[in-house]
Amino acid sequence: MPDFKLQHLITTGVREAEMIEALLNENNIEVIVRHDEFGGYSMIYMGYSAYNIEFYVVDKDYEQARELLNSLNLERDNQDDEVVEISEELDKREEGKSISSYLAQIAKIIIILYLLFNLIALIF
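Numbering (full-length UniProt numbering), first residue to last: 1 to 124.
This is how it looks when you write it as structure tokens:
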């Protein structure tokens, strides 16, 4: 299996994400799409997500992908320095997590399960 590194290309909303993914695919650039939170599930269930979508591309395709994005005149949400700062802030937050943050995660899981059970009920 060949070794390759992924580079974060852009973080964007749903509307721009569809356009970006189509552009990259048209130019034979493989892209990995990652939804924040449970955005992937809400895309399946409701067809829309209010959460951000991150795009990752292989190192060798990164420059070409950046040029294509620049041709779309989209503003990049995160610069590399900002990404590092945000990840450091998240690490600090994780150290002091309270019970309420765990309860919020449990609530999200319950919502997802509820949506899945309703979807199963609709199918059968």
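For glycine and all other residues, C-beta sits at the position ideal for the given N, C-alpha and C.
CB of residue i within 8 Å of CB of residue j, strictly
i	j	result
Ile20	Val57	no
Leu72	Leu24	no
Ile53	Val33	yes
Host beta strand (DSSP E) of residue i (start-end)
i	result
Leu9	6 to 12
Glu54	53 to 58
Range of the contiguous alpha helix (DSSP H) that encloses residue i
i	result
Glu63	62 to 71
Ile106	99 to 123
Contact set for residue i: own chain, Cβ-Cβ below 7 Å, skip 5 residues either direction
i	result
Ala65	Leu9, Leu24, Ile29, Val57
Coil, strand or helix - residue i by DSSP
i	result
Ile32	strand
Asn25	helix
Proximal residues to residue i (C-beta, below 6 Å), its chain only, five neighbours per side dropped
i	result
Ile110	none
Ile99	none
Own chain partners of residue i with C-beta closer than 8 Å, once the 5 adjacent residues on each side are dropped
i	result
Tyr62	Gln7, Leu9
Exercise. Within the chosen definition, does the region 57 to 69 reach the region 3 to 17 through at least 3 CB pairs nearer than 8 Å?
Worked result: They touch, by the three-pair rule.
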